[in-house]
Amino acid sequence: MRHNQIYFFLILFCFSIFTSCKNDKSKKPLPGYTGNAGEIVVVAKADELRSSLILEALSNTFLRNIPGLPQPEPEFDVVRIPKKDFSRIFQLHRNILIFEIDKLNDNKIHYLQNQWAKGQKIVEITASSVPQAVKLLEENSENILNYFKFAEIERLIERNKKLGNKEVENQLKKQFNISLTIQKDAYLAKQDSNFAWVRIERVRKKGGYDHRISQGLILFEIPYRDTAQLNLQYLTHLKDSITKKQIPGPTEGSYMTTSYKLEKPFARKYQLKNKYVTEIRGLWRVEGNFMGGPFVHLAIVDEKNSRIVNIVGYVYAPQFNKRDYLREIEAMLYSFEL
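Numbering (the numbering used here), first residue to last: -16 to 321.
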């Protein structure tokens, strides 16, 4: 895993991009976007799509493994479409990367939205040659990747705003004075004076069998005294003490805790919505059982109320890839308002 690289969403960058994007079709009614979550359509001339330089740059940008997952999974699935085949069906896709390569072109990147479909995000790279196009992609790979990643999260947030579970949202607002957009199929499984456990349980078929998928949010708060409370070791110990007490496993005496077997948890600190945030990613397991999966922990400093609000999101989906389930969790986490 690439722990030393900044992988988390560059939220402020993305917000500035979204507010300054070109929107050529804004005056016309647009259909909704198509395509699967976590998918990007890449459009270029057929010979350009076969270029080893472009293939390598696409792989390094979009097919890199997501940090903090138990098995290798790419940031995005890439679908390559020759320009001559870029018909209406592909123009409506949710995420599109377009290469416009011609010797007369200036070397530029354009961030577009709602070009052919509502909610669509497009990056257009214009360049005078394949090497120049690759250079632009490589130099801006983090920004481009995060542009599409945040678009996926924003779509989920908007979905939850329209269709989410208002009852759970109101209960969390009343208890913690925090606003979150919560998925419609969530329910409040456990609650006490300083703790809440929101669960999402579903069944998905694979190989003719039903398989369980579990997602959840764990919320708790502590008084804010100093910045030492925001370091990795302190927050991990705090989380484990809470989950040992509050999140039981399927067998007697079992409980959720942090896993260190495959990799250690890692942290990043940043500002989001004018709040200092420590974000921890890693793997969880159940002591005394074989359950486990990825988690994301946000520790949010609420200076006005002298507290740290902790939200831990987790995924359990042993028979399936975790990426899209984790992004559903991230959408709920990043929707916070204090």
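Beta carbons: idealized from backbone N, C-alpha and C, even for Gly.
Leaving aside the five residues that flank Leu139 on each side, the residues in its chain whose CB is nearer than 7 Å to its CB run, in chain order, Arg310, Glu311 and Ala314.
By DSSP's assignment, Tyr170 forms a beta bridge with Arg182. When DSSP states are grouped into helix, strand and coil, Glu122 belongs to the helix group. In its chain, beyond the 5 residues on either side, Glu56 have a beta carbon closer than 6 Å to the beta carbon of Asn304.
Residues of the same chain with a CB within less than 8 Å of the CB of Val269, apart from the 5 flanking positions on each side, are Gly232, Pro233, Ser237, Tyr238, Met239, Thr240 and Gly275 in chain order. Residue pairing of Phe249 in beta bridges, as defined by DSSP: Arg264. Between Val260 and Leu281 the beta-carbon gap is near 6 Å, inside 8 Å, which marks them as a contact. DSSP lists Tyr259 as the beta-bridge partner residues of Gln254.
The residue from Tyr217, Tyr170 and Glu22 with its alpha-carbon nearest to that of Leu80 is Glu22.
As DSSP reads the structure, Ala282 sits in a beta bridge with Thr261 and Asn293. If you check the CB distance, Gly296 and Leu200 come in under 7 Å. The C-beta distance from Glu152 to Lys256 rounds to 17 Å, too long to fall under 8 Å, and the pair is not in contact. Exclusion of the five residues before and after Glu83 leaves Glu107, Ile108, Thr109 and Ala110 as the residues of its chain whose Cβ lies within less than 8 Å of its Cβ.
The Cβ-Cβ distance between Thr164 and Asn177 does not fall below 7 Å. With 16 or more other CB atoms across the displayed protein chains lying within 10 angstroms of its CB, Pro277 is buried. For Ser318, no alpha helix (DSSP H) encloses it, and the DSSP letter there is neither H nor E. With respect to the 7 Å criterion, Leu202 and Ala172 are not classified as neighbours on the basis of their beta carbons.
Every alpha helix (DSSP H) of 4 residues or more that sits fully in the stretch 100 to 151 is shown, in chain order, as 113 to 122 and 124 to 146. Under a 10 Å Cβ-count criterion, Val186 is classified as exposed, with fewer than 16 other Cβ atoms of the shown protein chains found around its own Cβ. Runs of beta strand (DSSP E) with 3 or more residues, each lying fully within the stretch 15 to 51, are found at 22 to 27, listed in chain order. With contacts defined by Cβ atoms closer than 7 Å, Arg63 and Gly18 do not form a contacting pair. In the structure shown, Thr234 falls within a coil segment according to DSSP collapsed to helix, strand and coil.
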